[in-house]
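Heads up, the sequence shown is in the working numbering, so the first residue is 1 and it goes up one at a time.
C-beta atoms are modelled at their ideal positions from N, C-alpha and C, and glycine is treated no differently.
What follows is a single structure, written as structure tokens, with notes after it.
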Amino acid sequence: MDSLNVKLQQKIRELESLQQIRDLTKNLNVSLEEFSSQIELLGEEAGCIQTVTENWMRIIRAVSLASNSLANYKEEDYETDRPMTERLVRCKIDENQKIISKN
1 MDSLNVKLQQ
11 KIRELESLQQ
21 IRDLTKNLNV
31 SLEEFSSQIE
41 LLGEEAGCIQ
51 TVTENWMRII
61 RAVSLASNSL
71 ANYKEEDYET
81 DRPMTERLVR
91 CKIDENQKII
101 SKN
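Written out as structure tokens, the structure reads:
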């Protein structure tokens, strides 16, 4: 009877250990799901940051194009009147990089 009691106690400890492992696994699963959703959110935010950065690069390029036109003027041009930068016009283009007319 004593050996049966010892086996029963071992099985009870084993069951408690398995229940503890189950609970820890469940907590780990919840944590990993939360982590996964945070990673997805970071991916979406990275896309937004990429879009903003690309827009700023376009703005900087446009400003650079406009200000480069000032390099064509001579010192005398500044004495008579202050030169202006070239005007930049925004045009729609098609997939072949051709300007789309309004007509």
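For residue i, which of helix, strand or coil comes out of DSSP?
{"i": "I100", "result": "coil"}
{"i": "D2", "result": "helix"}
{"i": "R82", "result": "coil"}
Per DSSP, which residues does residue i bridge with? Please list them.
{"i": "I93", "result": "I99"}
Among the residues of its own chain, which have a CB less than 7 angstroms from the CB of residue i, if the five just before and after it don't count?
{"i": "I93", "result": "I99 and I100"}
Could you name the residues of the same chain whose beta carbon sits closer than 6 angstroms to that of residue i, not counting the 5 residues immediately before and after it, in chain order?
{"i": "N29", "result": "none"}
{"i": "L32", "result": "none"}
Query raised in the report: Residue ranges of each beta strand (DSSP E) run of no fewer than 3 residues wholly in the stretch 15 to 77, ordered along the chain?
Result: The beta strand (DSSP E) runs lying completely inside the stretch 15 to 77 and spanning 3 residues or more number zero.
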